[in-house]
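The structure appears below as structure tokens.
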Amino acid sequence: MYPLKNAAGLAAFTITLGLGGSAKACTTILVGKKASQDGSTIIARNEDVDTAWAKHFIVHPATNNGPTTYVSKSNSFTVTLPKQALRYTATPDWEKESGQYQFGEAGINSANVTMSATESGTTNKKSQKADPFVKNGLAETSMLDVVLPYIHSAKEGVQYLGHIIETKGSAENNGVIFSDKDSIWYMEIGAGHKWAAVRVPDNKYAVIPNQMMIGSLNLKDSKNYLASPDLVKFVKKHKLNGLKNGKVNFAKAFGTNNKEDSVYNRPRVWDGQRILTPSKIQSITQKHFTMFMKADKKITVANVQKVLSSHFTGTKYDTNGKWVGVYRPINVPTDVESHILQIRNNVPSSIAAVQWLAMASPATSVYVPFYTNVNNTPSQYQKGTSTPDNTSAYWTYKETKILTDSYKDKLVNKDVTKVQKKVKKQLNANLKDTTQKAQSLSGSQLNNFLLQANQTNADYAQSQFTKLNQQLMIDASKQTKIVQDKNL
């Protein structure tokens, strides 16, 4: 039950649910600093687009005299921008619209503030009638580029984006994540001009599908909850669900929890919580899951990678088996990139930010760690289109996915897992070593060092997967012959 990429080339795919909106693909993981093993804040998301759609990884330079007006080439959304913009990373689509990058999706700015946008969702008919989405309002295509360069904390990101939604309107239902070294904020846009956000508890994590998850809002507690003005009055006036004792349950007021969610969304929450809190026995068919959970053990980046790579792995619902098409898994064939944005609290701020990036499917790819305090990215991450090539990072890792598709776990277990373990071990060792060495550097020396570290990691991982793909060609051909001989 996978959605199809729409004709406009949007970086999300859509299934029509007969609701006030449409459900799109992606899965988000949030990990508070006291829930992580090393005290990092961690936000992560799989971006699902198409089976052949390259993503790039770039750096936008800082400027003191930037453009003061932004106009989206996709829907004519227009907003005034500050002249001063921070440097920031992004993972945009390969295809530009009139020379303008689109769907920046995820990045970290020079203030060590992260943003991941967006987790697409669905809106119920009643709330959409009360406050319809705005055709030329802010959409996912533009969101990162008009927000991330101008914020200095996670909470400021919510407030900055919230002001845009209130004044310019939103074109769609979205979940947006911000983090800094101290906090993570999760924000949901539920209607044309209505939004809410919650601070993730430091000692908890969340797994979020394409379904609104923010529950009861204590708007008197501005340290942990924020929302559009007069939200309570709006919900009361339009007789939306979720109003109780003067508090709004945002998901009930604006979201859905129906039959489609039972196969497309809630099973992913079950899977992620199963992996991180195995002590809590739950059913994949239950109608409600707690948004913020405590993990059985402190969460590492590797644990987050495991969740984002899961296709109900190791359960009877594994989509590599007989359950294909019954429940929508976290990892799907249309993953184009998966990012983990980590702000470390045990190192100097100049090297605290790491953007882990797995191109194509995280289940058959590898997460490469990139320092973001740089002014450029490895060249192979600035290449790739919808046509296969032999040089871009995207197509190297996509080839691995394609070569294993016909025999799935057989070739993954035989060839891919071994290489993944080897590469992960080396990349982690590299990160530990370069982090230690970088602490004595500053200025241009540090920048050059981090640039080289990123290039070394990118080259090493890609070379190993290029060799893996050559072996997979041989082993896939052998499997084809085995199947052919059995049928004779």
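According to my numbering, the sequence shown is numbered sequentially starting from -15.
Backbone N, C-alpha and C define an ideal beta-carbon position, used for all residues, glycine too.
Fair warning: this is a prediction, and the values are worked out from it, not measured in the lab.
Proximity winner among the options, relative to residue i (alpha-carbon distances)
i      : options                           : result
Leu430 : Asn359, Val184 and Pro262         : Asn359
Gly141 : Lys152, Glu156, Met171 and Thr125 : Met171
Ala175 : Pro362, Lys110, Phe41 and Tyr209  : Lys110
Asn59  : Asn120, Gly16 and Lys152          : Asn120
Ala181 : Lys188, Phe162, Phe117 and Asn187 : Phe162
Val400 : Pro346, Leu425, Phe117 and Lys367 : Pro346
Thr380 : Glu244, Ala442 and Thr107         : Ala442
Gly256 : Val216, Val232 and Lys290         : Lys290
Lys398 : Thr107, Ile27, Phe433 and Thr348  : Thr348
Ser333 : Leu425, Thr106 and Val352         : Leu425
Asp214 : His177, Asn208 and Thr240         : His177
Thr371 : Ala38, Ile27, His323 and Gln436   : Ala38
Gln326 : Asp34, Leu203, Phe117 and Asp164  : Asp164
Thr106 : Ala342, Met197 and Ser56          : Met197
Ala235 : Ser267, Asn229 and Met275         : Met275
Ala445 : Ala95, Pro362 and Asp389          : Pro362
Ala342 : Arg328, Asn329, His323 and Lys406 : His323
Glu321 : Tyr378, Gly368, Lys367 and Val310 : Tyr378
Cutoff 8 Å: residue i Cβ touching any chain B Cβ
i     : result
Thr53 : The structure shown contains no chain B, having only a single protein chain.
Proximal residues to residue i (C-beta, below 6 Å), its chain only, five neighbours per side dropped
i      : result
Lys264 : none
Gln463 : Tyr391
Thr284 : Gln21
Asp166 : none
Thr12  : Arg29, Glu103 and Ile192
Phe273 : Val253
Gly153 : Val118, Gly121, Gly176 and His177
Tyr134 : Pro66
Gly88  : Ala74, Pro76, Leu128 and Asp129
C-beta contact flag for residue i and residue j at 8 Å
i      : j      : result
Ile104 : Asn158 : Strictly speaking, residue 104 in this sequence is Ser, with Ile absent from that position. For Ser104 and Asn158, yes; Cβs fall inside 8 Å.
Val97  : Ser126 : no
Leu70  : Gly50  : no
Ala337 : Asn357 : yes
Val160 : Val63  : no
Tyr189 : Leu292 : no
Leu456 : Leu395 : yes
His40  : Thr75  : yes
Ala155 : Leu122 : yes
Ala240 : Asn108 : First, the residue type needs correcting, since residue 240 is Thr and not Ala in the sequence shown. Taking 8 Å as the Cβ cut-off, Thr240 and Asn108 qualify as a contacting pair.
Ile26  : Val288 : yes
Same chain only: Cβ atoms within 7 Å of residue i, ignoring 5 sequence neighbours per side
i      : result
Thr303 : His295, Phe296 and Pro313
Gln454 : none
Trp179 : Gly146, Ile149, Met171, Glu172, Ile173, Ala211 and Ser212
Ile458 : none
Pro45  : Arg71 and Asn359
Lys67  : Asn48, Asn49, Gly50 and Thr52
Gly2   : Residue placement at Gly2 is flagged as unreliable, the pLDDT there being 28, under the threshold of 50; a coordinate-derived value is accordingly withheld.
Leu435 : Val358 and Asn360
Alpha-carbon spacing of residue i relative to residue j, whole angstroms
i      : j      : result
Ala344 : Ala36  : 9 Å
Ser24  : Asn93  : 17 Å
Asp32  : Cys10  : 5 Å
Asp373 : Ser200 : 49 Å
Ser447 : Lys421 : 25 Å
Ile42  : Lys18  : 31 Å
Gly226 : Val403 : 49 Å
Ala286 : Ala279 : 14 Å
Phe354 : Leu415 : 9 Å
Lys139 : Trp169 : 7 Å
His222 : Ser206 : 25 Å
Thr384 : Leu128 : 29 Å
Asp417 : Tyr365 : 23 Å
Lys408 : Lys281 : 21 Å
Asp77  : Gly427 : 31 Å
Asn242 : Trp340 : 34 Å
Lys306 : Leu387 : 21 Å
Pro317 : Asn229 : 44 Å
Gly91  : Gly298 : 32 Å
Asp319 : Asp34  : 7 Å
Arg328 : Ala95  : 13 Å
Lys367 : Glu79  : 11 Å
Cβ shell of residue i (< 8 Å), same chain only, five flanking positions each side left out
i      : result
Ser246 : Thr269 and Lys271
Val331 : Thr419 and Gln423
Asp186 : Gly16, Lys17, Lys18, Ala19 and Ser167
Ala237 : Ser111, Gly174, Val219, Leu224, Asn225, Gly226 and Leu227
Ser461 : none
Asn208 : Val182, Arg183 and Asn202
Thr53  : Thr62, Val63, Thr64 and Leu65
Lys231 : Ser200, Leu201, Asn202, Leu203 and Val216
Contact test: residue i Cβ vs the ligand FMN heavy atom, cutoff 7 Å
i      : result
Leu227 : Only the bare structure without any ligand can be found here, which leaves the ligand FMN out of the picture.
### Task
Count the CB pairs spanning the stretch 112 to 120 and the stretch 80 to 96 that are closer than 8 Å, and state whether there are at least three.
no
### Query
Are the stretch 180 to 193 and the stretch 247 to 256 touching, with three or more C-beta to C-beta distances below 8 Å?
yes
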